[in-house]
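Here the structure is laid out as structure tokens; the discussion comes afterwards.
Number of protein chains: 2
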Amino acid sequence: MEPTPKRMPTLDEVAQRAGVSRTAASRAINNAPHVSRAKREAVERAVRELGFVPNPSAQALATRRVGAVVLAVSSDEPGLFADPFFAEVIVGVSAALEQTDLELILLLANSPRGRERFERLLRSRRADGVMLMALRGDDPLGRLAEEADLPVVFGGLPLAGEPRWYVDADNRGGARLAADHLVRSGRRRPVMITGQVDTRVAVTREQGFTEGLKLAGVPLLGVEAGDFTEEGGAAAMERLLAGRPAPDAVFAASDAMAIGALRTLRLHGLRVPEDVAVVGFNDLASARHTNPPLTTVHQPVRALGQEMARMLVGAIEGHDPSPLILPTRLSVRESAPDVPARA
Amino acid sequence: MEPTPKRMPTLDEVAQRAGVSRTAASRAINNAPHVSRAKREAVERAVRELGFVPNPSAQALATRRVGAVVLAVSSDEPGLFADPFFAEVIVGVSAALEQTDLELILLLANSPRGRERFERLLRSRRADGVMLMALRGDDPLGRLAEEADLPVVFGGLPLAGEPRWYVDADNRGGARLAADHLVRSGRRRPVMITGQVDTRVAVTREQGFTEGLKLAGVPLLGVEAGDFTEEGGAAAMERLLAGRPAPDAVFAASDAMAIGALRTLRLHGLRVPEDVAVVGFNDLASARHTNPPLTTVHQPVRALGQEMARMLVGAIEGHDPSPLILPTRLSVRESAPDVPARA
DNA sequence: CGGAGAAGTGGAAGCGCTTCCAGTTCAGCG
DNA sequence: CGCTGAACTGGAAGCGCTTCCACTTCTCCG
Numbered sequence: 006m007e008p009t010p011k012r013m014p015t016l017d018e019v020a021q022r023a024g025v026s027r028t029a030a031s032r033a034i035n036n037a038p039h040v041s042r043a044k045r046e047a048v049e050r051a052v053r054e055l056g057f058v059p060n061p062s063a064q065a066l067a068t069r070r071v072g073a074v075v076l077a078v079s080s081d082e083p084g085l086f087a088d089p090f091f092a093e094v095i096v097g098v099s100a101a102l103e104q105t106d107l108e109l110i111l112l113l114a115n116s117p118r119g120r121e122r123f124e125r126l127l128r129s130r131r132a133d134g135v136m137l138m139a140l141r142g143d144d145p146l147g148r149l150a151e152e153a154d155l156p157v158v159f160g161g162l163p164l165a166g167e168p169r170w171y172v173d174a175d176n177r178g179g180a181r182l183a184a185d186h187l188v189r190s191g192r193r194r195p196v197m198i199t200g201q202v203d204t205r206v207a208v209t210r211e212q213g214f215t216e217g218l219k220l221a222g223v224p225l226l227g228v229e230a231g232d233f234t235e236e237g238g239a240a241a242m243e244r245l246l247a248g249r250p251a252p253d254a255v256f257a258a259s260d261a262m263a264i265g266a267l268r269t270l271r272l273h274g275l276r277v278p279e280d281v282a283v284v285g286f287n288d289l290a291s292a293r294h295t296n297p298p299l300t301t302v303h304q305p306v307r308a309l310g311q312e313m314a315r316m317l318v319g320a321i322e323g324h325d326p327s328p329l330i331l332p333t334r335l336s337v338r339e340s341a342p343d344v345p346a347r348a
Numbered sequence: 006m007e008p009t010p011k012r013m014p015t016l017d018e019v020a021q022r023a024g025v026s027r028t029a030a031s032r033a034i035n036n037a038p039h040v041s042r043a044k045r046e047a048v049e050r051a052v053r054e055l056g057f058v059p060n061p062s063a064q065a066l067a068t069r070r071v072g073a074v075v076l077a078v079s080s081d082e083p084g085l086f087a088d089p090f091f092a093e094v095i096v097g098v099s100a101a102l103e104q105t106d107l108e109l110i111l112l113l114a115n116s117p118r119g120r121e122r123f124e125r126l127l128r129s130r131r132a133d134g135v136m137l138m139a140l141r142g143d144d145p146l147g148r149l150a151e152e153a154d155l156p157v158v159f160g161g162l163p164l165a166g167e168p169r170w171y172v173d174a175d176n177r178g179g180a181r182l183a184a185d186h187l188v189r190s191g192r193r194r195p196v197m198i199t200g201q202v203d204t205r206v207a208v209t210r211e212q213g214f215t216e217g218l219k220l221a222g223v224p225l226l227g228v229e230a231g232d233f234t235e236e237g238g239a240a241a242m243e244r245l246l247a248g249r250p251a252p253d254a255v256f257a258a259s260d261a262m263a264i265g266a267l268r269t270l271r272l273h274g275l276r277v278p279e280d281v282a283v284v285g286f287n288d289l290a291s292a293r294h295t296n297p298p299l300t301t302v303h304q305p306v307r308a309l310g311q312e313m314a315r316m317l318v319g320a321i322e323g324h325d326p327s328p329l330i331l332p333t334r335l336s337v338r339e340s341a342p343d344v345p346a347r348a
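Protein chains in written order, with our numbering: chain A, 6 to 348; chain B, 6 to 348.
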């Protein structure tokens with residue numbers, strides 16, 4: 006039926022051609038010790054001439070190392086993955102993995118079917134390690150992964166517990182920066198749009214913001230939860246605007262939600278930043294291009310991806326890398342300028 | 006060093022426990038014929054009790070089917086992958102793959118190192134099939150993939166030639182829709198922002214737009230190339246505004262570039278759509294939320310991903326699926342309304 | 001009731017690579 | 001010049017699963 010796939014040369018053929026044993030050939034290829042210089046070179050030549058590439062399945066079977074890691078993104082929000090945040094993480098992960106010979110398996114584990122596949126993937130040892138992102142609440146994925154006794158790196162802390170390996174951004178610190186900034190520029194009636202309340206990142210950013218305000222002695226007028234999407238942010242802003250007194254500043258736990266908030270504010274004829282200052286979180290490319298450009302807490306998203314991958318590789322190699330908290334800082338733009346806006 | 010990974014049960018153990026031969030167990034598990042009902046059930050029970058999951062490496066070695074496909078995104082533009090377009094494609098691919106037991110390997114093949122890895126991946130038959138996206142010019146990736154005599158599905162036609170399997174959107178038709186719409190709403194001084202000139206998609210959209218205008222007897226005042234990014238679009242618009250006479254409509258070959266154009270127009274104090282109508286291409290979520298909301302050619306991006314995956318699965322199974330051109334349509338919003346804007 | 005063909009059965013041979021183990025070889029030294 | 005330990009060598013035993021093949025057992029029909 007299918008065209009016979011032209012068979013690739015095997016290690017045996019290489020060995021034969023080089024006039025050495027298969028053992029020697031294997032050693033030469035993996036440059037292991039105990040091969041004479043001469044044989045090593047003969048093997049190298051044969052490899053080149055035959056265009057030999059080792060068969061990963063066979064290697065995996067023999068070594069119990071499959072040469073792949075999986076990045077699982079778990080989220081119920083269907084649109085969430087569209088957030089460029091993930092793209093950026095993937096770019097980072099991919100960059101780090103490029104230095105190794107590990108492939109990246111991407112798994113969107115939102116649906117029940119997806120979770121099932123994830124479990125199967127773990128149990129069948131189809132990957133040498135796992136990166137987990139965007140876990141909600143007590144998402145079973147985390148436990149599952151750890152039970153599989155594969156190295157697991159968390160991207161962002163899960164709601165409960167502290168895993169052995171994780172990379173996160175300094176969410177609390179970043180949120181405090183946002184609070185400080187708003188207060189310092191004269192805002193006194195701040196509100197916040199947080200994310201799903203069952204995610205650690207939402208909780209932590211809210212805590213940080215609240216703390217920051219408390220230290221400054223400014224009350225938080227209201228909190229509404231979005232779902233980290235633009236739509237969610239717009240809706241949350243709508244609800245916040247219904248409160249009294251009217252807010253003069255809003256901190257959104259993601260840029261996407263901040264952009265949604267901008268939209269709602271515009272709809273209500275409110276000016277940004279004159280009437281309401283807006284601060285987001287993430288600082289991806291799009292934040293620079295909103296109208297007005299968005300003041301936002303910057304976190305090194307690509308680096309986050311890179312570090313996750315690096316940490317995982319370390320763990321796979323048997324080291325015990327330390328968890329990492331990446332720094333955040335404020336990118337001040339026009340939606341919440343340094344100086345108080347004069348209306 | 007590393008903790009002994011608790012060994013998973015093997016097929017032999019399952020067979021033993023079920024009191025059948027390994028052959029029978031294998032057949033039962035893959036529900037192949039030639040197994041009696043009784044044995045089949047005995048095996049199923051044993052599998053359940055032991056929590057057996059077949060070892061993919063061993064299966065791959067024996068069957069020459071690895072159970073994975075690769076999605077390779079090739080692009081020199083570093084920021085391009087951040088376009089939600091790709092995320093949406095991935096969601097589609099992932100959804101289609103979820104129905105099968107194929108894993109998705111994601112490969113960002115921008116760097117030379119990435120390309121090298123891609124080639125190695127192909128030659129080592131680490132995947133059963135390939136999906137290729139965002140090829141530039143005479144990108145060698147396409148040929149490489151086809152030479153590996155693995156099924157290859159192209160997402161979007163490559164610049165030259167027509168591959169056996171591909172999924173594309175009706176770019177030409179979509180662009181004509183844009184032209185028609187602008188002309189019908191009274192615009193007479195249109196310009197265009199195209200993509201990299203060495204991509205088929207840019208060329209085709211430009212052709213379509215040009216054709217549409219020609220049929221309507223309206224001249225195209227200018228074309229500038231962006232690079233499918235927001236920045237590129239903004240810069241192109243800048244150049245276009247330098248021309249005489251001033252344009253009253255602009256068609257951008259992607260939403261990202263259209264958004265960039267909006268920004269530039271705003272900077273120049275031009276009103277959209279009163280002074281200049283803007284039409285984009287893609288119609289992802291963000292198009293709905295620009296200011297003003299973007300009129301844009303809609304293409305079913307997620308479906309594109311799904312169809313690519315489905316087509317690839319078909320090809321892997323030995324069928325010969327037909328190439329697919331997905332329909333496009335116009336999403337009319339305020340940046341280019343139906344009726345001529347009165348200034 | 002005999003025989004043909006379908007269905008069921010399991011031993012054994014791989015799939016392609018790594019690695020243990022039991023030697024060999026060889027340089028260096030007293 | 002014999003001896004010792006380090007450095008090579010390669011045969012063979014897996015890694016866990018599929019599948020060919022040679023039988024054996026049913027089923028059903030004339």
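Quick reminder that beta carbons are idealized off the backbone N, C-alpha and C, glycines included.
Bear in mind that the values here come from a model prediction, so they are computed numbers and not experimental data.
Secondary structure of residue i, DSSP reduced to three states
{"i": "D17 (chain A)", "result": "helix"}
{"i": "T295 (chain A)", "result": "coil"}
{"i": "A132 (chain B)", "result": "coil"}
{"i": "E7 (chain A)", "result": "Unreliable positioning characterises E7 (chain A) in this predicted model, as indicated by a pLDDT of 37, which lies under 50. A coordinate reading is not provided."}
{"i": "F90 (chain B)", "result": "helix"}
{"i": "A114 (chain B)", "result": "coil"}
{"i": "S41 (chain B)", "result": "coil"}
{"i": "R334 (chain B)", "result": "strand"}
{"i": "A341 (chain B)", "result": "coil"}
{"i": "F233 (chain A)", "result": "coil"}
Pair within 8 Å by beta-carbon distance, residue i and residue j
{"i": "V158 (chain A)", "j": "E151 (chain A)", "result": "no"}
{"i": "D185 (chain A)", "j": "G217 (chain A)", "result": "yes"}
{"i": "M313 (chain A)", "j": "T269 (chain A)", "result": "no"}
{"i": "V281 (chain B)", "j": "P252 (chain B)", "result": "yes"}
{"i": "G310 (chain B)", "j": "G97 (chain B)", "result": "yes"}
{"i": "R210 (chain A)", "j": "F91 (chain A)", "result": "no"}
{"i": "A174 (chain A)", "j": "Q304 (chain A)", "result": "yes"}
{"i": "T300 (chain B)", "j": "A341 (chain B)", "result": "yes"}
C-beta neighbour in chain A for residue i, strict 8 Å
{"i": "P89 (chain B)", "result": "yes"}
{"i": "L113 (chain B)", "result": "yes"}
{"i": "S129 (chain B)", "result": "yes"}
{"i": "G119 (chain B)", "result": "yes"}
{"i": "E152 (chain B)", "result": "no"}
{"i": "A241 (chain B)", "result": "no"}
{"i": "E18 (chain B)", "result": "no"}
{"i": "E365 (chain B)", "result": "The structure shown does not extend to residue 365 (chain B), since chain B is modelled only from 6 through 348, so no value can be given for it."}
{"i": "R268 (chain B)", "result": "yes"}
{"i": "R27 (chain B)", "result": "no"}
{"i": "V74 (chain B)", "result": "no"}
{"i": "R189 (chain B)", "result": "no"}
{"i": "R338 (chain B)", "result": "no"}
8 Å Cβ cutoff, residue i in contact with chain B
{"i": "L164 (chain A)", "result": "no"}
{"i": "F86 (chain A)", "result": "yes"}
{"i": "E103 (chain A)", "result": "yes"}
{"i": "E108 (chain A)", "result": "yes"}
{"i": "P10 (chain A)", "result": "Only weak support exists for where P10 (chain A) lies, its pLDDT of 47 falling under 50; the value from the coordinates is given anyway. Taking Cβ atoms only, chain B reaches closer than 8 Å to P10 (chain A), which makes this a yes."}
{"i": "S259 (chain A)", "result": "no"}
{"i": "S79 (chain A)", "result": "no"}
{"i": "I264 (chain A)", "result": "yes"}
{"i": "I95 (chain A)", "result": "yes"}
{"i": "R125 (chain A)", "result": "yes"}
Got a sec: which bits of the stretch 56-71 of chain B sit with their beta carbon under 8 Å from any beta carbon on chain A, in order along the chain? Taking 8 Å as the Cβ-Cβ cut-off against chain A, the residues of the stretch 56-71 of chain B that qualify are G56, V58, P59, N60, P61, S62, A63, A65, L66, R69 and V71.
Runs of 4 residues minimum, wholly inside the stretch 142-225 of chain A: which ones carry the alpha helix (DSSP H) assignment? 145-152, 176-189 and 205-221
Within 7 Å of chain A by C-beta, residues of the stretch 278-303 of chain B in sequence order: A290, H294 and N296
In chain order, which continuous runs of the beta strand (DSSP E) of length 3 or greater are located wholly inside the stretch 52-89 of chain B? 73-78
Where are the alpha helix (DSSP H) runs, 4 residues long or more, that stay fully inside the stretch 259-295 of chain A, in chain order? If you keep only unbroken alpha helix (DSSP H) runs of at least 4 residues inside the stretch 259-295 of chain A, you get 260-272.
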